[in-house]
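Following: one structure in structure tokens, then a few remarks.
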Ligand SMILES: Cc1cc2nc3c(=O)[nH]c(=O)nc-3n(C[C@H](O)[C@H](O)[C@H](O)COP(=O)(O)O)c2cc1C
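The structure is reproduced here in structure tokens:
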């Protein structure tokens, strides 16, 4: 028997598969079913910063929304924030796996005291999905980065439970940013966020979403950066975006991830697929004479390569340069 247990943000997980934040994690029944099929923890469907602010506005009688905020207003009305707290309380009564709450945010102020309510409702941890695409040509990279540190600082003032941040890879110096973030009060960094990916409908000339779900070839970016950073950070790293089978989990652990967050594969194949992934991880470990996932974690982190820049350049020359 391979020991699949791992520790993430100080939480003991029976295996490395966390079901990431999404609509599959929005009711107690769904969470119970995910636990039954082997999920080690769940991240609840995110509460949006706008929902918290809208609740605050409605309590103060100020609920004037500009036209551009119409959709957000509609969304927030239909997703009452108290339901999120009830879901945490009810899930804690019904399941024994850790419950990680989630807030999707893009500002450092106005909503952060809500994190305390999440802690009081019994969440084991909190994941902050910092959803910022730095599109403003007048905003410097320092200003963009400052937002992340301000969010961490303001949330830390409110809670004592561990918390993590889910980030994208759009930073001018991603490596430095992740290492700096890891030295704050964060217990974990989740790499990487899946932003809305635009495509164009040539019939209607409208912007439409490209793939909502990931596929296994999306994992390369996560593998690259966790391999480069896992031995240099001061907090746990979690892999997400493109884990579609047991092999994807093994690869993530090899680069140094403490756990993985899976969403698209569960939408496509159902919660039953979790057990299949777990079986495949165990099978691979047994075939390679590992008795626990700790035995192979980080084996392929870039600390094992002499110099990652030379390694990356050499790989490029080897695989791309040979095509005539
Ligand atoms: C339908 C859908 C809904 C999602 N909802 C959320 C959400 O509410 N909050 C969040 O942080 N991420 C959300 N995500 C992103 C996932 O948590 C995850 O980071 C991303 O899908 C990459 O994992 P995957 O490759 O396993 O799909 C959602 C993803 C999908 C596909």
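In this note's numbering, the protein residues as written are 25 to 348.
Built from N, CA and C at the ideal position, the CB exists for glycine as well.
Cβ separation of residue i and residue j, assumed to be a contact under 8 Å, to the nearest whole Å
{"i": "residue 66", "j": "residue 124", "result": "7 Å"}
{"i": "residue 266", "j": "residue 235", "result": "Contact doesn't hold; Cβ gap of about 11 Å is too wide."}
{"i": "residue 106", "j": "residue 127", "result": "Their Cβ separation, rounded to whole angstroms, is 15 Å, which puts residue 106 and residue 127 out of contact at 8 Å."}
{"i": "residue 280", "j": "residue 251", "result": "7 Å"}
{"i": "residue 285", "j": "residue 42", "result": "5 Å"}
Residue i versus residue j - alpha carbon distance
{"i": "residue 221", "j": "residue 259", "result": "29 Å"}
{"i": "residue 110", "j": "residue 145", "result": "8 Å"}
{"i": "residue 102", "j": "residue 241", "result": "Note that residue 102 has pLDDT 49, beneath the 50 cutoff, so the model's placement of it is unreliable and no number is given."}
{"i": "residue 306", "j": "residue 205", "result": "33 Å"}
{"i": "residue 282", "j": "residue 116", "result": "23 Å"}
{"i": "residue 191", "j": "residue 254", "result": "15 Å"}
{"i": "residue 37", "j": "residue 70", "result": "21 Å"}
{"i": "residue 350", "j": "residue 249", "result": "Limits of the chain in this structure are 25 at one end and 348 at the other, which puts residue 350 out of reach."}
{"i": "residue 201", "j": "residue 194", "result": "10 Å"}
{"i": "residue 208", "j": "residue 302", "result": "33 Å"}
{"i": "residue 327", "j": "residue 211", "result": "22 Å"}
{"i": "residue 55", "j": "residue 119", "result": "8 Å"}
{"i": "residue 60", "j": "residue 227", "result": "45 Å"}
{"i": "residue 246", "j": "residue 26", "result": "25 Å"}
Buried or exposed by the 16-neighbour rule on C-beta atoms within 10 Å, applied to residue i
{"i": "residue 218", "result": "buried"}
{"i": "residue 76", "result": "buried"}
{"i": "residue 181", "result": "exposed"}
{"i": "residue 3", "result": "Limits of the chain in this structure are 25 at one end and 348 at the other, which puts residue 3 out of reach."}
{"i": "residue 224", "result": "exposed"}
{"i": "residue 216", "result": "buried"}
{"i": "residue 244", "result": "exposed"}
{"i": "residue 39", "result": "buried"}
{"i": "residue 72", "result": "buried"}
{"i": "residue 122", "result": "buried"}
Residue i - partner residues in DSSP beta bridges
{"i": "residue 316", "result": "27"}
{"i": "residue 215", "result": "191 and 263"}
{"i": "residue 174", "result": "According to DSSP, residue 174 bridges with nothing at all."}
> Do the region 184 to 193 and the region 27 to 41 meet, that is, are 3 or more Cβ pairs less than 8 Å apart?
Replying inline: Yes, they touch.
>> For the structure I just gave you, are there three or more beta carbon pairs, one from the region 338 to 345 and one from the region 307 to 315, closer than 8 Å?
In response: Taking 8 Å as the limit for Cβ pairs, the verdict is that the region 307 to 315 does not touch the region 338 to 345.
> Are three or more beta carbon pairs between the region 136 to 144 and the region 158 to 168 nearer than 8 Å?
Replying inline: Taking 8 Å as the limit for Cβ pairs, the verdict is that the region 158 to 168 does not touch the region 136 to 144.
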